[in-house]
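Participant: For the sequence shown, the positions run 449 to 705 when the working numbering is used. All residues carry an ideal CB built from backbone N, CA and C; glycine is no exception. Have a look at this one.
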Amino acid sequence: MDEESDTRGPRRNFLPRNRQRERVLRMVREHEGAVDAVELASQLGVHVTTVRFHLDALCDDGAITRTRMNRPGAGRPRTGYLAIEERVDYRTLADVLAMELGQTVQTRARRAQHAGHEWATRMTASRSAGTGDSGHTPQSDADDALDHAAARTTNAFARMGFGPELVSAPGPSTPPSTDSGGPAGERERIIRLHACPVRDLARSHPEVVCGVHRGLLQGLLDTSATEGNRKPQRPAISAHLEPFVEPELCVARLVAG
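Structure representation (structure tokens):
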């Protein structure tokens, strides 16, 4: 069999595998939220099995991450994919911050939280500039505002590789909060973080790493509340991060007070 005959099979119209994988990655990056293999296959004009092959490879490479896409009504969630765009050398960052942020745990935690809030502001500005989307979504009531903020926050944490799962109420794997910051009965949304990308560092430098993530979480909510040049939503939404409620699970709570 000569080399030319290899190009005459069913794949004759396909790009070489590496270039096709780049197309898949580029298409995932162009989506604001998660996208599944079926939609990507339709947009690219290739078989869904081929797309899944490249998606698996991109996940293994750390270029994208899997997430869950809820179906309208009943049914199992679909697997969606998000590009991982926010990458940081966390190990070096945590070590440097731990040394430079202050002499006490309280000082380091406070300053790390401030840094995380600033990170969220810059991340949101960069994302909006890249997509040309202000992110404005009209809100009809407090529950809609809370759902909108929770969805955008979940999306951001998915892009950073935290493996988030958005739920609306405490479940068997999510113990009731002991520090919700307000009276019982407040509206809240819960995001379970199954795959913190810096879990080991969070255990060794919790005041720094978890402090940054607390600030990041609140910063994402604050930018979501004021994006599109609208007035801040009322009631305000506060963020509460509970690290290691289980050995490999952290919980973020968004509370409309």
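Residues bridged to S686 by DSSP?
Facilitator: Start at 1 with the first residue of the sequence shown, and residue 686 comes out as number 238. DSSP, once it has assigned bridges, lists V703 as partnering S686.
Participant: Between the Cα of V615 and those of T527, D595, L668, H653, spot the shortest distance and give me the residue it belongs to.
Facilitator: Taking the sequence shown and counting its residues from 1, the one referred to as residue 615 is at position 167. Among T527, D595, L668, H653, the Cα nearest to that of V615 belongs to D595.
Participant: Using CA atoms only, rank isn't needed, just tell me which of H502, A650, R469, T671 is closest to A604.
Facilitator: Position 156 of the sequence shown, counting from 1, holds the residue named residue 604. The shortest Cα separation from A604 among H502, A650, R469, T671 belongs to T671.
Participant: So T515 is in the alpha helix (DSSP H); what residue range does that whole segment cover?
Facilitator: Translated into positions along the sequence shown, residue 515 becomes position 67. Here T515 belongs to no alpha helix (DSSP H); instead the beta strand (DSSP E) covers 512–517.
Participant: By the 10 Å Cβ neighbour count, where 16 or more other Cβ atoms means buried, how is S652 classified, buried or exposed?
Facilitator: The residue labelled residue 652 in the question sits at position 204 within the sequence shown. Result: exposed.
Participant: At the level of alpha carbons, what is the spacing between V646 and V657?
Facilitator: Taking the sequence shown and counting its residues from 1, one reaches residue 646 at position 198. Taking the sequence shown and counting its residues from 1, one reaches residue 657 at position 209. Cα-Cα distance, rounded: 8 angstroms.
Participant: Beta-carbon within less than 7 angstroms of A650's beta-carbon, same chain only, minus the 5 sequence neighbours each way: which residues are those?
Facilitator: The residue you call residue 650 lines up with position 202 of the sequence shown. Cβ within range, chain order: C644, V657, C658, P691.
Participant: Nearest by alpha-carbon distance to P654: which of R635, C698, S686 is it?
Facilitator: The residue labelled residue 654 in the question sits at position 206 within the sequence shown. Taking only the C-alpha atoms, the option nearest P654 is C698.
Participant: Using a Cβ-Cβ cut-off of 6 angstroms (strictly less than) and excluding sequence neighbours within five positions of G481, which residues of its own chain qualify?
Facilitator: Taking the first residue of the sequence shown as 1, we reach residue 481 at position 33. Result list for G481: N603, in chain order.
Participant: Alpha carbon to alpha carbon, how far is R635 from T601? Give it in angstroms, no decimals.
Facilitator: Stepping through the sequence shown from its first residue, residue 601 is reached at position 153. Stepping through the sequence shown from its first residue, residue 635 is reached at position 187. So the two alpha carbons sit approximately 16 angstroms from each other.
Participant: Assign G667 to one of three DSSP states: helix, strand, or coil.
Facilitator: As a working mapping, residue 667 is identified with position 219 in the sequence shown. The answer is helix: DSSP assigns G667 an H, G or I state.
Participant: The beta strand (DSSP E) that contains A531, what's its start and end?
Facilitator: Your numbering for residue 531 matches position 83 in the sequence shown. Here the beta strand (DSSP E) through A531 covers 526–531.
Participant: Quick one, are the C-beta atoms of M517 and R524 less than 7 angstroms apart?
Facilitator: Taking the first residue of the sequence shown as position 1, residue 517 is located at position 69. Taking the first residue of the sequence shown as position 1, residue 524 is located at position 76. For M517 and R524, no; Cβs fall outside 7 angstroms.
Participant: Looking only at DSSP bridge pairs, what is V693 linked to?
Facilitator: In the sequence shown, counting from the first residue as 1, residue 693 sits at position 245. None; V693 has no bridge partner.
Participant: Determine the DSSP secondary structure at C698, reduced to helix, strand or coil.
Facilitator: Sequence index remark: in the sequence shown, residue 698 carries index 250 (1-based). Three-state result, C698: strand.
Participant: Which of the three DSSP states, helix, strand or coil, is assigned to E548?
Facilitator: Taking the sequence shown and counting its residues from 1, one reaches residue 548 at position 100. Annotated three-state conformation of E548 is helix, per DSSP.
Participant: Closest by CA to E566, which one among H688, V693, R662?
Facilitator: Within the sequence shown, the letter at position 118 stands for residue 566. When only C-alpha atoms are compared, the closest one is R662.
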